[in-house]
Amino acid sequence: MGKITGFLEYEREDRDYQPVEERVRHWREFVLPLPEKDYVTQAARCMNCGVPYCQGTGSVAPGSPGCPVNNQIPDWNDLVYQGNWDEAARNLHSTNNFPEVTGRVCPAPCEASCTLNIDENPVTIKSIECAIADRAIAQGLKPEPAANKTGKKVAIVGSGPAGLACAQQLARAGHEVHVYEKLAKAGGLLCYGIPDFKMEKIHVERRVTQMEAEGVVFHYDAHVGVNVPADELLKDYDAVVLTGGAEKPRDLPVPGRELKGIHFAMDFLPQQNRRVSGEPAANGEDILAGGKHVVVIGGGDTGSDCIGTSFRQGALSVTNFEILPQPPLHENKMLTWPNWPLKLRTSSSHEEGAERDFAVTTTKFSGENGRVKKLHCMRVDDKIKPIPGSDFEIDADLVLLAMGFVHPVHEGLVKNLGLALDQRGNVRASTDDYRTSIDKVFAAGDMRRGQSLVVWAIREGRQAARAVDEFLMGSTLLPR
Ligand SMILES: Cc1cc2nc3c(=O)[nH]c(=O)nc-3n(C[C@H](O)[C@H](O)[C@H](O)COP(=O)(O)OP(=O)(O)OC[C@H]3O[C@@H](n4cnc5c(N)ncnc54)[C@H](O)[C@@H]3O)c2cc1C
Ligand code: SF4
Numbered sequence: 011m012g013k014i015t016g017f018l019e020y021e022r023e024d025r026d027y028q029p030v031e032e033r034v035r036h037w038r039e040f041v042l043p044l045p046e047k048d049y050v051t052q053a054a055r056c057m058n059c060g061v062p063y064c065q066g067t068g069s070v071a072p073g074s075p076g077c078p079v080n081n082q083i084p085d086w087n088d089l090v091y092q093g094n095w096d097e098a099a100r101n102l103h104s105t106n107n108f109p110e111v112t113g114r115v116c117p118a119p120c121e122a123s124c125t126l127n128i129d130e131n132p133v134t135i136k137s138i139e140c141a142i143a144d145r146a147i148a149q150g151l152k153p154e155p156a157a158n159k160t161g162k163k164v165a166i167v168g169s170g171p172a173g174l175a176c177a178q179q180l181a182r183a184g185h186e187v188h189v190y191e192k193l194a195k196a197g198g199l200l201c202y203g204i205p206d207f208k209m210e211k212i213h214v215e216r217r218v219t220q221m222e223a224e225g226v227v228f229h230y231d232a233h234v235g236v237n238v239p240a241d242e243l244l245k246d247y248d249a250v251v252l253t254g255g256a257e258k259p260r261d262l263p264v265p266g267r268e269l270k271g272i273h274f275a276m277d278f279l280p281q282q283n284r285r286v287s288g289e290p291a292a293n294g295e296d297i298l299a300g301g302k303h304v305v306v307i308g309g310g311d312t313g314s315d316c317i318g319t320s321f322r323q324g325a326l327s328v329t330n331f332e333i334l335p336q337p338p339l340h341e342n343k344m345l346t347w348p349n350w351p352l353k354l355r356t357s358s359s360h361e362e363g364a365e366r367d368f369a370v371t372t373t374k375f376s377g378e379n380g381r382v383k384k385l386h387c388m389r390v391d392d393k394i395k396p397i398p399g400s401d402f403e404i405d406a407d408l409v410l411l412a413m414g415f416v417h418p419v420h421e422g423l424v425k426n427l428g429l430a431l432d433q434r435g436n437v438r439a440s441t442d443d444y445r446t447s448i449d450k451v452f453a454a455g456d457m458r459r460g461q462s463l464v465v466w467a468i469r470e471g472r473q474a475a476r477a478v479d480e481f482l483m484g485s486t487l488l489p490r
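Going by the working numbering, the letters in the sequence shown line up with residues 11 to 490, in that order.
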């Protein structure tokens, strides 16, 4: 373990943020890493408890305790405390292909499950993970090509975290891996959804370079089911893995929805990421928040990213509505630990000046000359029923719909292959073998699971790789 009395001697100390006035003037990351010696002290707080729930229990249920990729957290905390950063990095990469990504954007269910969190502040697991990964990368990210080739070919459709993790695992197992991506770059939501101020894209680019050196071939502007026939992949490859994400956004079909100035979050956010990276804009009008009163509907990660992006573009005001009631400020740890608790979460973007309101539903939009001008709302009770007489309205020049995603897009790939779907409209496949209803076709990540988290996508990509390797070779040494 770190230091026997570490948790008694040291307080939790975590990374700080640049002040709001400074960070809203640029698009770069604004989290300030701790000096290396402070990570050593923080790692010393780990108690290496008998049952480390932080590592995860293997449960696949949303909100289940601990790390979904089963990072061996007490082990690398101890290694950092001992100053053995190289071995910590090796250990961390044995369970997580992209720890510099999760170290930046993971909500850290591990910390909710930390034993110290019962009556103390948890270990800064996420920051230590990020420090180990960043330090290893600064020393040079080495490719790990397979020693022997199997002669089997695998196609992966979609290059988000699920597709990338799956591709890396399969290439390292010796298969010839081709990734088909409909956009100009790899990364999925890591590249086009999550803003640069949360995670700069160099982190994805470096991994793509590493994977290319490991033999993975990327095909861009390759939209399977549109400009690449799906059955061609079935013909040309020994296995096909579908990791196309859950891209169908939830709409708000109320009167006035057709007015100009009302957009899905994923029409807005990728435009800004393309501006930052210098990638030419996709077709369609420029959606910009500068000089506007912005209303963001939806209180999750996507909504939060719309808020931070709007402030950086110079919005006059940003209001964030959530239909669910405001959660409690603090959880009752005796009831919730080690699970992921329901409590009010305030993101760095919320702190940049957004007005938040809960238990609010939008009844209609109204406008002038075809453009939205107002949002008409009502308050809802705890059964999400509108409360009579609670109507109010708010000025809005730009409305961003961030109410989640219902399931993968069905047109094209899913329909062309005739894949069976689950009750929610996701591609049906179990977490035992990740096989879909079509022979030699597998599915993983948000496409199989529905909208989720980066760390779950990495887990599913890794596990699907293992299932594919076993299917192709009869046995596998890839970890589950
Ligand atoms: C705005 C936003 C912010 C988020 N922030 C966070 C966060 O901070 N932390 C967190 O943990 N999670 C976050 N999430 C969730 C997280 O990004 C996703 O759960 C994760 O990216 C899912 O990974 P995936 O690989 O399954 O799919 P995706 O990342 O969606 O990748 C799918 C890829 O497949 C491609 N594709 C789709 N269909 C085809 C086709 N037919 N042919 C070729 N290519 C295709 C797409 O272009 C895309 O590149 C966020 C989500 C959004 C929308
Ligand atoms: S991936 Fe997420 S849950 Fe796992 S150790 Fe890192 S921050 Fe914690």
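Backbone N, C-alpha and C define an ideal beta-carbon position, used for all residues, glycine too.
Residue i, DSSP secondary structure in three states
i: H360; result: helix
i: Y202; result: helix
i: D261; result: coil
i: L151; result: coil
i: C387; result: strand
i: L408; result: strand
i: Y20; result: coil
i: P396; result: strand
i: A249; result: strand
i: A71; result: coil
i: E332; result: strand
i: S320; result: helix
i: R496; result: Outside the modelled stretch of the chain, which goes from 11 to 490, sits residue 496, for which no answer is possible.
i: D479; result: helix
i: E365; result: strand
i: E289; result: coil
i: L180; result: helix
Check: residue i C-beta below 7 Å from any heavy atom of ligand 2
i: E4; result: Nothing about residue 4 can be read from this structure; the chain reaches only from 11 to 490.
i: N81; result: yes
i: N106; result: yes
i: I135; result: yes
i: T346; result: no
i: P78; result: yes
Candidates the options: closest to residue i by CA position
i: D405; options: N436, L252, C387; result: C387
i: C124; options: A467, E97, T67; result: T67
i: Q323; options: I333, P351, G301; result: G301
i: V419; options: N349, V79, D456, P72; result: D456
i: D241; options: E215, K343, G484, V424; result: V424
i: N330; options: P338, T319, S314, H340; result: S314
i: E362; options: A71, L431, V328, P489; result: V328
i: P72; options: L482, L488, V465; result: V465
i: G235; options: M483, A98, G254; result: G254
i: A154; options: Q220, H188, C176; result: Per the sequence presented here, residue 154 reads as Glu, with Ala not at that position. Minimum Cα distance to E154 is reached at Q220.
i: S357; options: R366, W350, L385, L269; result: R366
i: L345; options: N127, R22, K47; result: N127
i: V416; options: Q461, E289, V250; result: Q461
i: A269; options: G294, D442, K384; result: Note that residue 269 is Leu in the sequence shown, not Ala. Out of G294, D442, K384, K384 has the C-alpha closest to the C-alpha of L269.
i: G380; options: A453, Q473, I272; result: I272
i: P259; options: R216, Y247, F274; result: F274
Closer than 7 Å: residue i CB and nearest ligand 1 heavy atom
i: D456; result: yes
i: V465; result: yes
i: A299; result: no
i: D129; result: no
i: H233; result: yes
i: Y190; result: yes
i: C116; result: yes
Quick test of the definition: if touching needs 3 or more C-beta pairs under 8 Å, does the stretch 142-151 touch the stretch 166-176?
no
Measuring CB atoms only, is the stretch 189-203 touching the stretch 271-280, in the sense that at least three cross pairs come out at less than 8 Å?
yes
Within 8 Å, do at least three Cβ pairs link the stretch 389-404 to the stretch 362-370?
yes
Can you find at least 3 beta carbon pairs, one from the stretch 131-138 and one from the stretch 185-194, that sit closer than 8 Å?
no
Taking one C-beta from the stretch 101-109 and one from the stretch 29-49 each time, how about it: are there three or more such pairs within less than 8 Å?
no
Would you check if the stretch 72-85 and the stretch 424-441 touch, i.e. whether three or more CB-CB distances between them fall below 8 Å?
no
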